[in-house]
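Heads up, the thing below is written out as structure tokens.
Number of protein chains: 2
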Amino acid sequence: MNDEAQKAATTTGLYQVDLMDRYWRAANYISVGQIYLMDNPLLREPLKAEHVKPRLLGHWGTTPGLNFIYVHLNRVIRQRGLDVLFICGPGHGGPAMVANTWLEGSYSEIYPEIGQGEDGLRKLFRQFSFPGGVPSHAAPETPGSIHEGGELGYALVHAFGAAFDNPDLVVACVVGDGEAETGPLAAAWHSNKFLNPASDGAVLPILHLNGYKIANPTILARMDDLELRALFAGYGYEPFFVEGHEPVPMHRLMATKLDTVLDRIRSIQTRARTPFWQGERPLWPMIVLRSPKGWTGPKEVDGKKVEDFWRSHQVPVSNARSNAGHRKILEDWMRSYEPEKLFDNSGRLLPELAALAPTRPKRMGSTPYANGGLLKRDLVLPDWRSLALDVPRPGGAKAEATRILGSYLRDVMRLNADARNFRLMGPDETSSNRLDDVFEVTNRVWMQRIEPYDVHLSRDGRVMEVLSEHLCQGWLEGYLLTGRHGLFSCYEAFIHIVDSMVNQHAKWLKTSRELAWRKPIASLNYLLTSHVWRQDHNGFSHQDPGFADFVANKKADTVRLYFPPDANTLLWITEHCLKTYNRINVITAGKQPAPQWLSVEDAEAHCRAGAGAWEWAGTVAKGEDPDVVMACAGDVPTLETLAATDILRSALPDLKVRVVNVVDLMTLQSNSKHPHGLADEDFDALFTKTRPVIFAYHGYPYLIHRLTYRRANHDNMHVHGFREEGTTTTPFDMVVLNELDRFHLALAAIKHVPGLAERAKGLAAELQAKLVEHRAYVREYGEDMPEVQEWNWPENSATKAGD
Amino acid sequence: MNDEAQKAATTTGLYQVDLMDRYWRAANYISVGQIYLMDNPLLREPLKAEHVKPRLLGHWGTTPGLNFIYVHLNRVIRQRGLDVLFICGPGHGGPAMVANTWLEGSYSEIYPEIGQGEDGLRKLFRQFSFPGGVPSHAAPETPGSIHEGGELGYALVHAFGAAFDNPDLVVACVVGDGEAETGPLAAAWHSNKFLNPASDGAVLPILHLNGYKIANPTILARMDDLELRALFAGYGYEPFFVEGHEPVPMHRLMATKLDTVLDRIRSIQTRARTPFWQGERPLWPMIVLRSPKGWTGPKEVDGKKVEDFWRSHQVPVSNARSNAGHRKILEDWMRSYEPEKLFDNSGRLLPELAALAPTRPKRMGSTPYANGGLLKRDLVLPDWRSLALDVPRPGGAKAEATRILGSYLRDVMRLNADARNFRLMGPDETSSNRLDDVFEVTNRVWMQRIEPYDVHLSRDGRVMEVLSEHLCQGWLEGYLLTGRHGLFSCYEAFIHIVDSMVNQHAKWLKTSRELAWRKPIASLNYLLTSHVWRQDHNGFSHQDPGFADFVANKKADTVRLYFPPDANTLLWITEHCLKTYNRINVITAGKQPAPQWLSVEDAEAHCRAGAGAWEWAGTVAKGEDPDVVMACAGDVPTLETLAATDILRSALPDLKVRVVNVVDLMTLQSNSKHPHGLADEDFDALFTKTRPVIFAYHGYPYLIHRLTYRRANHDNMHVHGFREEGTTTTPFDMVVLNELDRFHLALAAIKHVPGLAERAKGLAAELQAKLVEHRAYVREYGEDMPEVQEWNWPENSATKAGD
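For the protein sequence lines, the chains are E and H, in the order given.
Per the UniProt record's numbering, the very first residue in the first sequence carries number 1; after that it's consecutive.
Per the UniProt record's numbering, the very first residue in the second sequence carries number 1; after that it's consecutive.
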């Protein structure tokens, strides 16, 4: 016995090791049972074909390692009274999470129909990966999970997100060696540069090197220990290795190492929570667990290596129902865990084993940290009206919308500073996106060296900036899922980087919504700015408004798309979003100086309706029938629509124009499709049933067609938007290239209003000439013509309305 | 003078250092000029307001470092006769790439209107970030670039992709410390585990730590050298540090280190290219360059630190046009480079400096590796007919479509083995996606330890598997952009992980297409399999068919979406895609055993048309008017549509049904919108102008509405597809949950054919009952009813058609 094993034996005792090993075997037994059996759960009789499920769906490979970790965490939770959140990176480890939460009792409390004892066990086995049952991942249905892991890469960012501002929490995060190959995970190790040991909790990464993915070895498992140590030292961790395959020595080793790393964590935190702490970044410990894939499963099947190889990834014995030889392997395998030494005659875990699990909320399947809605406290929100811009008349003020929002977010920060439950995320763009006012009350969090000339960096900042949309997104998800609030401000084009993460979060929300025990969490809020129309510096690569299209595919009860046309509407919408829960709110708003349209009262009324006619901008009174509807969604399209209307009104005073602005895009859908959808009669009242609609939309035109295709007037929708024509040019040239500018919009009205083309021939020619003039001017002078730069909403517009 | 400096002095000589420094200054001067000036390029007169651009757009911060690297690479290219491809990770380094390619003459050769001399210089300055001019990134317009870098994260994967199978190439890849924070970049360092030193080229990463992003320090720059060394040793590199700010010592240091790392690379390659090589993975060298951000620019502006700080990121002196003080700073700054010692009186680079650049194709701006179309050789393709499945009659064979494709890809591998210009990428799923046949002729490439029991791993495999869609995508992009071919096979849901990368590649293609000098490259081909309808193991998290929607937003001349319904159509489509260029082809096809519909001849005719009526499946002859069109796109929807038609035909023999299958989704768009779009008359001939169309589509129904919204019959399109209702269940239950199954499709026909609802009341009731029966059965037995599992296309269908 070497020193470490000696120490382990002393620490935990031989009897303790035996108990833990039996508990582990119980978890393994229940995991195998879930994958294979629909009856005879305690193997009271020899296994028959009809006991085996007809479709064997599940993943064994990662499961015994997860069970091993879970059992060992149970011990330290009890011994140390810890609050531990378990993040199961290998999403395919569903059987392990279900087995352990059932063993500890959490499962039956949440799902009383799956009780303790033989009948509950039978149902537990049967429901797994079974129609109408539970998924094979650590899905929302799984107690104790905030991380499904179906898509790999986000275990560690979720773990850090959960740990921020939860100083008493230890997040044990199992990272599979497959997942460790992904980009988001590779970057996520650097999250320790943003974790404050004084005010945040601890993340304990457990890198599980079981060697293989679906059909390949893994990169990290085939690196030698020297390279691994260097890599993690480079990332800022001290790795502790637990390696082997003999259960008893492995239990001892794991227990010793786990005690060591938890001692380290305690001493790091103790030090950081004294006045002597200088703010230095600690060297956080981590565990590297090398154990065989499919550990304790069949060594070989049909002469082929299974245990400790990728063949154990899914279902190691595939024909257990139809092939008696395979069934024998399965039965021997299950009996090797000696169920008779684990369960009593009624199928309950033996009391001496059950006693190993922590009690009530300390159980990892019952921790409120994994059901964040339980912990969520509503934000204290400032009165947006007090921060609103004075807009004496439409166009009567100019402002950068996001800068006004910055002052609102500053106050949100201030009012919730004590609660420590609001963070702002962004990839190095908080200032660039003009939200600087937040720095009056907080800083960017930064655990690296800070130089005297650095600006707004501190150890306890609540703004998180890192040049990785993946990290911003993942941290925020973890933060929300554990009951807090936040907002992610991002360049519009680059939010696509996290499409797939948003997808998974939307799926999580959809499923959670159907589970009464999962309490609502705060919405995932995006501010997309530096948008497609104002990439003056960056050009084509930074121009993509397609995130809205992506999000619109998600379930209607989950997603919202907002296009506030100015600062006051942006304030109202943001306040609204911060109050909602279980949603994905996408707000798109520019950061450039722009005319302001709505007063506080008008903004509120307009946002509540989601879409409305701006009578002051058109030439028809309410209820009167227009010749054409000039519709718009988005700040730049609104400006161009108003300018186009101005052109039409001046040149064709008889033309009846209605201006409709859409701030909540989902109003366009039918109310049978989306809760925010307008009823058909309300839609028709705005857009008419028969008149041409010239719709200037911020993004790809198709989305408007798709949202309105069931509306009576959809054949008359002429949508102008981004046509993928972009480059580095002036703001007005960008809209011209995509035919979203005032001249093209006015031309479209002329074209589509019956009979107008003939009557307005002169105007049309004039507008075409303007476009030629514009092109020449811009190419000569490198800036927009004064005429378009200086255009302002006519002062006398209010009196004109309804003329 | 320390040893290293001594060596540098001897190697390059003081005169050489002075020349290089002047060349560097020339590049810096031209970079500043591009950002600021529209006239007076040689500062022949004092700088006036009108010489300065009205809008100052560009990025200075990274530029001097890039210029420094470029100048030093020029030296080693000349001295060693190397072929070097320069990957400019900091995309904002456009001014550096343009300056250097102009100095070496490449720029003026490609763009003769931007000549050498003062007039060319004036135009060069003026066009930068100017309307109608060139972008601020290393965009397609930039000679020598395969990597725009507008979106950060992909420099290193592109570099490795370029190096594979190019044994004589050195790819010098500058990684910015901002970019180094992204996930894809963090994972990309592991690409060295897939690079064979014998048959691939070398990648020389140059990590440029200039300390800051837009408004923050960077993580890596604030790590100490010990941590950095550990990190990169862990990644498998030997880092060489070049650190400082005094130009002369920095030139010496850089020259020495560059010689050292190139010697290392040569010795690694020499060794690997002898019979003595044991296949071990070498420790590749890399350079860590620590130089000030905005190096040589203004130290302070308005009392604020600029050089060596993030304030130099974009335009360090922002009001140079309107503010005389600022203009003075700019002028002093530009004159500090002593243009009179760099250029002759005509504005040409002095001959002794021009002589420093390599000549013709060795110039990095002229290397054919950066214009891959020049090097591209068409693939030798097998005759797909020889591998096609014998399908004696529709439904007369069963097969796994992707397995048949595997045999085709095997032959593609075999026929192009000597050319070494085809690779297959996938995140650990080549076998899972049933493409195993390729392993008859090649293996997975793997430079880590190989165990005796490993399967299909070797040092020179042409299949690349890593659990990172980002790496697969990036490697393939780099491989294609340097003139080779490939295919990326991916789980359908997880291709969203690379949405943003696809976006950037589509933008690259769109712009390249407009540049005559950029020769076409092979298309980016996707095989999306393990699709939404067959996630039996994985459930909801693995169910997302939305990539098609995302891609459909891109320019019509770039994107194609194919849904082959069976194996032979999959073969034809794949062959077609491998022959195309400058496109993004997305093929979606299942891997599960499924009935086969079309013979070789029928498959070819059907695929050529893109969409067509399957008369054998319907009950109307060609030209006859149907009561209802049953349309389908995708393998599972096709099966369900045929089964629904079978139900209708049996129960309602008088009903006239036409079955239309769509294999090329873009045929649905108008031919004015997409080159593959059907003309309206052809569309109407298939889909009618007035009859109900029950459209069973593989993905989100909206896409069909959006593609057809301008068609005459669009109001009669009733699309069934994925409604975001997913879970772990049986295959048939999945289609039922989303109402894409035969019963719902038949019910939809009954509902929408005028007058049929009344007549077919009995059938409707029967179908509803079937749905209830199905639900109960699946929940009881865990598998699909035999009736749906065993349904086959009726043998006598051929005789029935046209009855």
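In this text, a Cβ means the ideal position worked out from N, Cα and C, and glycines have one as well.
Cβ shell of residue i (< 6 Å), same chain only, five flanking positions each side left out
i	result
D146(E)	Looking at the sequence shown, residue 146(E) is not Asp but Ile. Closer than 6 Å at the Cβ level, and outside the excluded window around I146(E), lie A370 and L481.
L253(H)	V242
L73(E)	V84 and A172
F232(H)	P239
A801(H)	Residue confidence is low: A801(H) scores 39 on pLDDT, short of 50, so the model does not pin down where it sits. No coordinate-derived value is stated.
H208(E)	G65, V174, G176 and L289
According to DSSP, residues forming a beta bridge with residue i
i	result
P205(H)	C173(H)
residue 847(H)	In this structure chain H extends from 1 to 803, so residue 847(H) is not present and cannot be described.
L678(H)	S670(H)
H718(E)	I694(E)
P593(E)	E400(E)
K305(E)	E300(E)
Contact under 8 Å by Cβ, residue i with residue j
i	j	result
Y70(H)	A26(H)	no
P786(E)	A696(E)	no
I214(H)	Q448(E)	no
A679(H)	V660(H)	no
N426(H)	P131(E)	Reading the sequence as shown, one finds Gly at residue 426(H) and not Asn. Cβ atoms of G426(H) and P131(E): not closer than 8 Å.
L103(H)	Q34(H)	no
A188(H)	G474(H)	yes
S489(H)	L435(H)	yes
T688(E)	G610(E)	no
T569(E)	A605(E)	no
CA-to-CA distance, residue j to residue i, given in whole angstroms
i	j	result
A172(H)	A159(H)	8 Å
I584(H)	R78(E)	56 Å
R22(E)	S318(E)	26 Å
E400(E)	T558(E)	29 Å
Q16(E)	M97(E)	22 Å
L467(H)	E179(E)	7 Å
I573(E)	G677(E)	17 Å
L381(H)	E575(H)	7 Å
E118(E)	G347(E)	4 Å
For residue i, the three-state DSSP class (helix, strand or coil)
i	result
V317(E)	coil
I219(E)	coil
R459(H)	coil
H505(E)	helix
A399(H)	strand
W24(E)	helix
R658(E)	strand
W793(H)	coil
W446(E)	coil
Cutoff 7 Å; reference residue i; Cβ partners in own chain excluding five residues on either side
i	result
W508(E)	P140 and E148
H51(H)	L37, M38, D39 and N40
K751(H)	A757
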